[in-house]
Every structure is written in C-alpha cells, then in structure tokens.
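I have placed the structure first, in the form of structure tokens, so that the comments after it can refer back to it.
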Ligand code: BJW
Ligand code: ZN
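Residue numbers (the numbering used here): -13 to 240.
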C-alpha cells in the first residue's frame, strides 16, 4: 500500500485533541492472525452459527461444545502477538492528555501492546467464571496442550458451588458490563476525537458510541478497508489499521 496522505484537518484535530476514545473491533486484531466475525470468507460467524455457540441458551444446551470452542479460540489468541495497529494505539496515549481504549475484542492484545486504559465491552477470553454463582475461575496463562478446532471439552466445575464454568464473554442477549459501558458513554460524550477502528458497527449497543461522541461535537475518524454501519464519519480512512495507524501517527508527530 502506498504511503497514505492525511488531510490537514485530520492532522490538526489529532494534534489539538485533549481527550480521545479509541473504539476497536475484531479488525484491529485481524493482522495478528485472529479471525474477525463477519468477514465473508474467514469470519467466525461465516463458519460457525452464533446461536449454537454464543448465547447462554447454547451453553446450557451443550456446555462441552461451547467450552471447547472458546478454549480453541483462547489458545489461538495466546499464540498471537499485537500488530502495528495495537502498537500505534498504545503510542498515541503519549501524545494526548487523556485516552481510553474501548474494545469489543475479547483478546488482550491492546494490553500486551502497552495500552494502559482499556475497557472490554464484550468481556474477555481470559476471565472465565461460574455460570451459576459467578465466581471467577483462574485460567493458566499458557495452555497445557493446544486445543483443536471442533473438539468438545467439558467445562471445569466451580470450586465453590460445582456449577459449570463459562467463558467470561458477553453473549447475544446478555447485558454489557455496566461499569465499563457507563465509562465508555461518559468518555464518548466528552472526547474531542473518536477513532472507530476495525468494527463493522452492527452490534448494539456498542455501535452507539461513535454516534454519542458525534452528537457531543467530537470528530469521528473511521479506519477500515470496508464500508460499515457507521454513517458518514468526518474522516473515513480506507485500509488496514496496521498500515494506516502507524502512518497517521508518523504524519501527525514526525
Ligand atoms: C479491518 C481489518 C484490518 C478487517 N484493519 N479493519 C435483533 C435481533 C436479535 C438481537 C438484536 C437485534 N437487534 C439488536 C440485538 C441485540 C444484539 C445485536 O446487536 N445484534 C445484532 C448483530 C443484530 N446485541 C446484544 O445481544 C448485546 N446485548 C444486548 O443488547 O443486551 C440487551 C438485550 C437483552 C436481551 C435481548 C436483546 C437485547 C450483546 C452483544 C454481544 C456481542 N457478542 C459478540 C461475541 C462475543 C464473544 C465471542 O467473542 O465469541 O461480540 S458477537 C461479535 O460481534 C463479538 C464482537 O465484539 C462483536 C462486534 O464485531 P466486530 O468487532 O465489529 O467484528 P466484525 O467481524 O463484525 O467486523 C470486523 C471489521 O473489521 C469489518 O468491518 C472489517 O472490514 C474490518 N477489518 N480487517 C481494519 N486489517
Ligand atoms: Zn459457582
């Protein structure tokens, strides 16, 4: 990809921003080797039915299918590393007084790249809890053996109540973690600039964040190779985040 040109308006707003929200989705981790959900060929929801894997009813119907699938994905994430987009986002926090990363991703690649303030709207693969009593279940940071796609695995039993342990992610029909969601809304309402990076902007209520920021006067910058559900951002940067984000930082602070 040729070195992109960025508009003077965008560079000026970026340099002047006092508070930034970086809202991210699966596309930011795509260049690390983690599949997105809705990509036409490789997306997880193109190959697997979310109603059979990503609802509380699905877990209750077949815990071993669901737990095995999430352990496969956790193993995949453990083998992947942050890419230049995660690193550029982490660098950005050194150029603005206040920056919050609000991610829909269940991986930990923003944290591993060095981002300090990260909130997870859809939970984490690395924080399972009991499906009955909510007690956290400590997962090892490394996998004893590599889980395989499609392999069933019985979930562990909770040490407190014996209930099945479930992945610590937010499934369809479940509420977002309230504190995280309220903080995201508050920061969106008072930021000067919001990046929406690598998300199709179709999943509610997360997709409302850029609209909240825009209504409060923020500049909205989208980074994505494809069009999304986010209508008319002020700046629409079409391309992979791993190329565009480092180039944008270089252009703003050469
Ligand atoms: C690149 C790139 C590169 C590629 N660089 N970019 C109608 C019917 C039924 C339900 C609903 C309905 N309307 C609304 C709902 C509610 C539902 C919802 O929104 N559904 C819509 C899909 C229709 N929402 C919920 O259920 C939420 N809860 C809720 O609303 O509670 C209230 C309620 C209670 C009771 C009933 C109803 C409501 C919870 C949503 C939870 C979402 N969970 C998931 C799974 C998490 C666990 C897991 O990982 O398995 O979260 S779904 C999945 O989508 C995951 C993601 O976080 C989320 C967003 O996806 P994302 O990140 O945008 O990924 P993609 O794949 O969609 O897009 C990737 C983008 O990257 C693309 O644009 C690419 O172009 C781009 N890209 N390479 C930059 N290199
Ligand atoms: Zn329990």
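Beta carbons are placed, not taken as given, at the ideal position from N, Cα and C, and that holds for glycine.
Annotation: residue 127 to residue -5 spans about 44 angstroms, alpha carbon to alpha carbon.
The continuous beta strand (DSSP E) containing residue 109 extends over residues 109 to 116. Taking non-hydrogen atoms of ligand 2 into account, the C-beta of residue 144 is found less than 7 angstroms away from one of them. Per DSSP, residue -2 is one residue of the alpha helix (DSSP H) stretching across -6 to 2.
Residue side-chain check: residue 106 keeps its Cβ at 7 angstroms or more from all non-hydrogen atoms of ligand 1. When beta bridges are read from the DSSP output, residue 222 appears opposite 208.
Here the C-alpha atom of residue 138 lies approximately 47 angstroms from the C-alpha atom of residue 202.
Contiguous beta strand (DSSP E) elements confined to the region 68 to 148 occur at 84 to 89, 104 to 106, 109 to 116, taking only those with 3 or more residues. Taking C-alpha positions only, residue 222 is separated from residue 133 by approximately 39 angstroms.
Using a Cβ distance threshold of 8 angstroms, residue 5 and residue 84 count as a contacting pair.
Shown here for residue 173: same chain residues with a beta carbon closer than 6 angstroms to its own, the five before and five after excluded, namely 7, 86 in chain order.
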